[in-house]
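Colleague: Here's a structure for you.
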Amino acid sequence: MIEPGLYHMLFISTTLFFIGVYGFFTRRNLVTMLMSVELILNSVNLNFIAFNKYLWYDNE
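Under our numbering, the first residue of the sequence shown is numbered 312, with each subsequent residue one higher.
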């Protein structure tokens, strides 16, 4: 099975981040804005996971 690399994870994370930023600045509904903030936070968490896997698990 092929595992996604660091660049794939960073691309997905960047895409989620900018979708969240776009949704936050273009919507006026509070619930939609909170969902956009959740997308931004999920993209940051995905970055943490990707760099943790890249820095710690690829060295073994």
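Don't be surprised by glycine CBs; every beta carbon is placed ideally from N, CA and C.
Got a sec, what are the start and stop residues for the alpha helix (DSSP H) E349 sits in?
Modeller: By 1-based counting over the sequence shown, the position of residue 349 is 38. 341-363 is the span of the alpha helix (DSSP H), which, as asked, contains E349.
Colleague: Can you tell me the Cβ-Cβ gap for F328 and I351, rounded? I've got them flagged as a contact below 8 Å.
Modeller: Here residue 328 refers to the residue found at position 17 when the sequence shown is read from its first residue. Here residue 351 refers to the residue found at position 40 when the sequence shown is read from its first residue. Yes, they are in contact, since the Cβ atoms of F328 and I351 sit about 6 Å apart, within 8 Å.
Colleague: Taking the alpha carbon of W367 as the reference point, which residue from L317, M312, I313 has its own alpha carbon closest?
Modeller: What you label residue 367 is simply residue 56 of the sequence shown in a count that begins at 1. The shortest C-alpha separation from W367 is found at L317.
Colleague: Considering only the alpha carbon of each residue, which of K364, N356, N363, E349 lies closest to G331?
Modeller: As a working note, residue 331 is residue 20 in the sequence shown. Cα-wise, what sits closest to G331 is E349.
Colleague: Can you give me the start and stop residues for the alpha helix (DSSP H) that M320 sits inside?
Modeller: As a working note, residue 320 is residue 9 in the sequence shown. Note, M320: alpha helix (DSSP H), 317-337.
Colleague: Check the C-beta distance from S347 over to R339 and give it rounded, since I have them as a contact under 8 Å.
Modeller: Translated into positions along the sequence shown, residue 347 becomes position 36. Translated into positions along the sequence shown, residue 339 becomes position 28. At roughly 12 Å, the Cβ-Cβ gap does not stay under 8 Å, so S347 and R339 are not in contact.
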